[in-house]
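Each remark here refers to the structure printed beneath this line.
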Amino acid sequence: MLAKIRSVCPYDCPDACGLLVTVENGRAINICGDPDHPVTRGLLCPKMAHYEKTIYSSRRLSAPLRRVGKKGTGQFEPISWDNAIDIICSSWRKVIAIHGAEAILPYSYAGTMGLIQRNAGHAFFYKLGASRLERTICSPAKDAGWKALMGDTPALNPTEAEQSDLVILWGINAVATSIHSVLDAQAARRNGARILAIDTYRTPTCDLADEAFLIRPGSDGALALSMLHIFDRDGTLDLNFISSNVIGYEEFKCKILPDCSPGEMSVVCGLSVDVIERLAYEYAKAKAPFIRLGSGLSRYGNSAMTVRTISCLPAAVGAWSKQGGGIFLGTSTGGAFQLNMVTREDFITDSSRLISMNQLGDALTEMSAPPVMSLYVYHSNPAAIAPDQNTVIKGLEREDLFTVVHERFLTDTAKYADIVLPATSSLEHSDLYRSYGSYHAQRCRAAIKPLGGAKSNLEVFSLLAAGMGWDEPFFSQSADDLIELLLNVKNLWRSNSVTEHLLTGEPVMLTPPTDPKREWLTPSGKIQILNEREPEPLPRLLPTHAEQDGYPLRLQSGATPFALNSSFYEQDQLRSRQARMELLMNYEDAEVRQLSEGESVIAYNKRGEVRFTLRITGQTPVGTVVTEGVWWQEFLPGDRGVNALTSQRLTDAGRGSTLYDVTVDVRRS
Ligand SMILES: Nc1nc2c(c(=O)[nH]1)N[C@H]1C(S)=C(S)[C@@H](COP(=O)(O)OP(=O)(O)OC[C@H]3O[C@@H](n4cnc5c(=O)[nH]c(N)nc54)[C@H](O)[C@@H]3O)O[C@H]1N2
Ligand SMILES: Nc1nc2c(c(=O)[nH]1)N[C@H]1C(S)=C(S)[C@@H](COP(=O)(O)OP(=O)(O)OC[C@H]3O[C@@H](n4cnc5c(=O)[nH]c(N)nc54)[C@H](O)[C@@H]3O)O[C@H]1N2
Ligand SMILES: [Mo]
Numbered sequence: 008m009l010a011k012i013r014s015v016c017p018y019d020c021p022d023a024c025g026l027l028v029t030v031e032n033g034r035a036i037n038i039c040g041d042p043d044h045p046v047t048r049g050l051l052c053p054k055m056a057h058y059e060k061t062i063y064s065s066r067r068l069s070a071p072l073r074r075v076g077k078k079g080t081g082q083f084e085p086i087s088w089d090n091a092i093d094i095i096c097s098s099w100r101k102v103i104a105i106h107g108a109e110a111i112l113p114y115s116y117a118g119t120m121g122l123i124q125r126n127a128g129h130a131f132f133y134k135l136g137a138s139r140l141e142r143t144i145c146s147p148a149k150d151a152g153w154k155a156l157m158g159d160t161p162a163l164n165p166t167e168a169e170q171s172d173l174v175i176l177w178g179i180n181a182v183a184t185s186i187h188s189v190l191d192a193q194a195a196r197r198n199g200a201r202i203l204a205i206d207t208y209r210t211p212t213c214d215l216a217d218e219a220f221l222i223r224p225g226s227d228g229a230l231a232l233s234m235l236h237i238f239d240r241d242g243t244l245d246l247n248f249i250s251s252n253v254i255g256y257e258e259f260k261c262k263i264l265p266d267c268s269p270g271e272m273s274v275v276c277g278l279s280v281d282v283i284e285r286l287a288y289e290y291a292k293a294k295a296p297f298i299r300l301g302s303g304l305s306r307y308g309n310s311a312m313t314v315r316t317i318s319c320l321p322a323a324v325g326a327w328s329k330q331g332g333g334i335f336l337g338t339s340t341g342g343a344f345q346l347n348m349v350t351r352e353d354f355i356t357d358s359s360r361l362i363s364m365n366q367l368g369d370a371l372t373e374m375s376a377p378p379v380m381s382l383y384v385y386h387s388n389p390a391a392i393a394p395d396q397n398t399v400i401k402g403l404e405r406e407d408l409f410t411v412v413h414e415r416f417l418t419d420t421a422k423y424a425d426i427v428l429p430a431t432s433s434l435e436h437s438d439l440y441r442s443y444g445s446y447h448a449q450r451c452r453a454a455i456k457p458l459g460g461a462k463s464n465l466e467v468f469s470l471l472a473a474g475m476g477w478d479e480p481f482f483s484q485s486a487d488d489l490i491e492l493l494l495n496v497k498n499l500w501r502s503n504s505v506t507e508h509l510l511t512g513e514p515v516m517l518t519p520p521t522d523p524k525r526e527w528l529t530p531s532g533k534i535q536i537l538n539e540r541e542p543e544p545l546p547r548l549l550p551t552h553a554e555q556d557g558y559p560l561r562l563q564s565g566a567t568p569f570a571l572n573s574s575f576y577e578q579d580q581l582r583s584r585q586a587r588m589e590l591l592m593n594y595e596d597a598e599v600r601q602l603s604e605g606e607s608v609i610a611y612n613k614r615g616e617v618r619f620t621l622r623i624t625g626q627t628p629v630g631t632v633v634t635e636g637v638w639w640q641e642f643l644p645g646d647r648g649v650n651a652l653t654s655q656r657l658t659d660a661g662r663g664s665t666l667y668d669v670t671v672d673v674r675r676s
């Protein structure tokens, strides 16, 4: 029996592709991009092109496991689900009796983006009274920067890029991280637009652009300020737009811009004065410039301010009033679903402490009153992806920490677990997805049965609720029940007919209730270049954290097209396309250190030492070294991944991670 079933890519990617899964006798034999999905257009990235290799990987976990060896060594024996749930619930009862429920910490992020499975643990841990996790590892600084200027104004429809005459891919490696946005930029180019890229090293996205600008890590604010200075100096501002739509421009002009000449900013961002002048000229003269702002620049100590400053550009030249003009950071469609029906904040009785997921290392090693005595990890791999890996691992090694990991694979984190639970893949459970790179949403049902003993996040929380002796009916609902509960509430973002299509599993487009390019949802109703509610009322130049650290090289850890954070390392073919964990270094930096191509080197700073294979290249500017991917430990040249070098420091606003705000030096190993 052959069936074609619609599904959705569950990974943390803005594209949220529609999939067509061919199922033969209960087995998914082929997965392709849905040609009718408006974003996917039948095209899948290399990672998803053989998703079946992830689903049926021999590395999939199929039974609950109990640790029998030392933490971290990966020695386990299979046990039954009943036994696993009993062990977990009885351990938690003990922890609660001695330390209180706050000694239990859930840790989850974005292994799956589905609204149901991703959020399945919230209600459980709220009711338990566990510590709450602040899920801010990705790019909350972007949201904070946008909010300071634009309030709750929703994002424009990113396909407008097609109508722009100048598309700037800024801090985004779209060829690796959101390939369908490249299609929009290319469509614009066919209409005559130029594509520019602004990055810190020469990525494939830079190669695709008509021109690329490589700047010093974390210095985009300086570039944007110098552009604003030039618009003001040359009178290329749209004063009509400013006077009716912006508050605070005069203060900004008088207090901030005088110190932001291209000469002064050139020293900060590393672009020459001529190049800055040319970029500013090109932006100001474009009819409808469109900026697609990625997350690369949002992982620094100054990121919220950087995003706020760059977001002033379209306001200054009035790009918002042109079809195709504006800036796009990502959609936020939270308003389209009443998610608290799934997350159940009403289960919180006493508001427990909030722990930053970026500071897991400190939470496990330093926190008291109460200490963290149990960690429950699901759809995340903190031993690999969280900053300051040495401290995280020191915490995970604690013999008195009871750790449970619910996973598809025996990840670096799972190797430290006391109990490992096998998780379903997205083809094995139902969910509802919304994109953060477009306004599309789609529901999908399981295409195949769970493999082995795998269970979905929601099912596990239902078992744990029963194991804790709770009779709250909420915990006995299925994913389909919850999806229908969410969709049956009327909502301004979706008409009845959109909801009907959504219920049937078709991709639909949600519509923000206000016009993203005309109505500024700020307290003043205007774009707030001056925002008195912010600690810094005006956008200005801020330094990054690492400037104070004293190592000579900036370290970036960007995305590879062949993995997604630490996901996809189970696919041998994909991994072999990355070959090995490399450190990209400029010729000059290698020569100074007398290092040669292909040799084993150690990048180090005060937090750790990491072994890489050296690649000497003109792709990276002098002073910046780059590595791609977040590798599993078993495939590393040494015993630590790149996050042994990153820090637990937070962004200026939004409490985000500062994973790219790192300096190191490099020596021969
Ligand atoms: N293939 C693949 N796709 C992915 C991911 C993946 O790991 N692999 N990750 C997913 C996730 S979780 C996310 S959040 C998104 C992120 O996707 P993107 O928005 O593309 O963000 P990053 O990959 O973090 O960085 C983008 C680019 O910014 C550059 N950059 C770093 N610092 C700066 C800076 O200070 N200024 C400027 N101008 N550029 C800078 C980096 O070199 C990189 O090329 O991608 C998602 N998609
Ligand atoms: N150095 C450095 N570190 C980084 C980054 C970087 O660019 N450089 N990127 C950062 C960013 S932007 C992000 S968003 C984070 C991402 O961090 P994470 O969200 O932890 O992402 P992944 O590494 O993809 O790990 C997700 C895990 O979830 C599992 N999983 C998938 N589906 C399910 C499911 O349905 N149930 C359960 N229980 N498990 C499931 C997968 O097998 C996988 O091991 O990493 C951050 N870390
Ligand atoms: Mo992310």
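Just so you know, we're using this note's numbering here: the sequence shown kicks off at 8 and counts up by one.
C-beta: ideal position from N, C-alpha, C; glycine also.
By the beta-carbon neighbour count (other beta carbons within 10 angstroms, threshold 16), M8 is exposed. Y385 has its CB nearer than 7 Å to a heavy atom of ligand 2. Annotated three-state conformation of C39 is strand, per DSSP. Bounds of any alpha helix (DSSP H) do not take in G325, whose DSSP letter is neither H nor E. Taken in chain order, the whole alpha helix (DSSP H) runs of length 4 or more contained in the region 36-113 are 58-62, 88-106. With fewer than 16 other CB atoms across the displayed protein chains lying within 10 angstroms of its CB, E641 is exposed.
Relative to the Cα of L591, the nearest Cα in the group R584, E606, K524 belongs to E606.
In the DSSP assignment, H447 falls within the unbroken beta strand (DSSP E) covering 447-451.
The beta-bridge partner set that DSSP reports for V253 consists of I534. When rounded, the separation of the alpha-carbon atoms in N498 and T340 is 12 Å. When the five nearest sequence neighbours on each side are left out, the beta carbons in the same chain lying within less than 8 Å of the beta carbon of A461 are those of R67, L68, S69, R415, P429, A430, T431, S432, E435, in order along the chain.
E635 and T61 have their C-alpha atoms roughly 21 Å apart. Close to ligand 3, as judged by a C-beta nearer than 6 Å to any of its heavy atoms, are the residues D19, C145, in chain order.
Taking a cut-off of 8 Å on C-beta distances, the region 296-312 touches the region 141-159, as three or more cross pairs fall below it. Counting C-beta atoms within 10 angstroms of its own C-beta, K456 has fewer than 16 neighbours from the protein chains shown and is therefore classed as exposed.
Comparing alpha carbon positions, the residue from Y114, G76, I123 closest to L439 is I123. Around the beta carbon of L27, a 10 Å sphere encloses 16 or more other beta carbons of the protein chains shown; the residue is thus reported as buried. Annotation for L571 indicates a beta carbon within 7 Å of some heavy atom of ligand 2. Taken from the Cβ of R66, every heavy atom of ligand 2 lies 7 Å or farther away. Here H386 is not near R209, since their CB atoms are 8 Å or more apart. According to DSSP, I205 shares a beta bridge with W177, F220. Apart from the 5 residues on each side of it in sequence, S233 sits with its Cβ closer than 6 Å to the Cβ of C267, P269, M272, I283 in its chain, given in chain order. With contacts defined by Cβ atoms closer than 8 Å, R561 and P265 do not form a contacting pair. By alpha-carbon distance to R662, the top candidate from D19, G76, D159, M312 is M312.
Collapsing the DSSP output to three states places R600 in coil.
Taking the Cα positions, S188 is about 42 Å away from L135.
Taking 8 Å as the cut-off, the Cβ atoms of L657 and T665 count as close.
Within a 10 Å sphere around the beta-carbon of Q563 sit 16 or more other beta-carbons, which makes this residue buried. Where I455 is concerned, there is no enclosing alpha helix (DSSP H), because DSSP gives it neither an H nor an E. Cβ contact annotation for D89 (same chain, cutoff 6 Å, sequence separation greater than five): none.
Using a Cβ distance threshold of 8 Å, Y443 and P21 count as a contacting pair. Going by beta carbons, L215 and I222 fall outside the 8 Å limit. Sixteen is the threshold: when 16 or more other Cβ atoms of the shown chains lie within 10 Å of the Cβ of K422, as they do, the residue is buried. Pairing E109 with W99, the inter-Cα distance amounts to about 11 Å.
The Cβ atoms of D245 and S654 lie no closer than 8 Å to each other.
Your pair G648 and A393 does not check out as a contact, with CB atoms roughly 10 Å apart and the cut at 8 Å.
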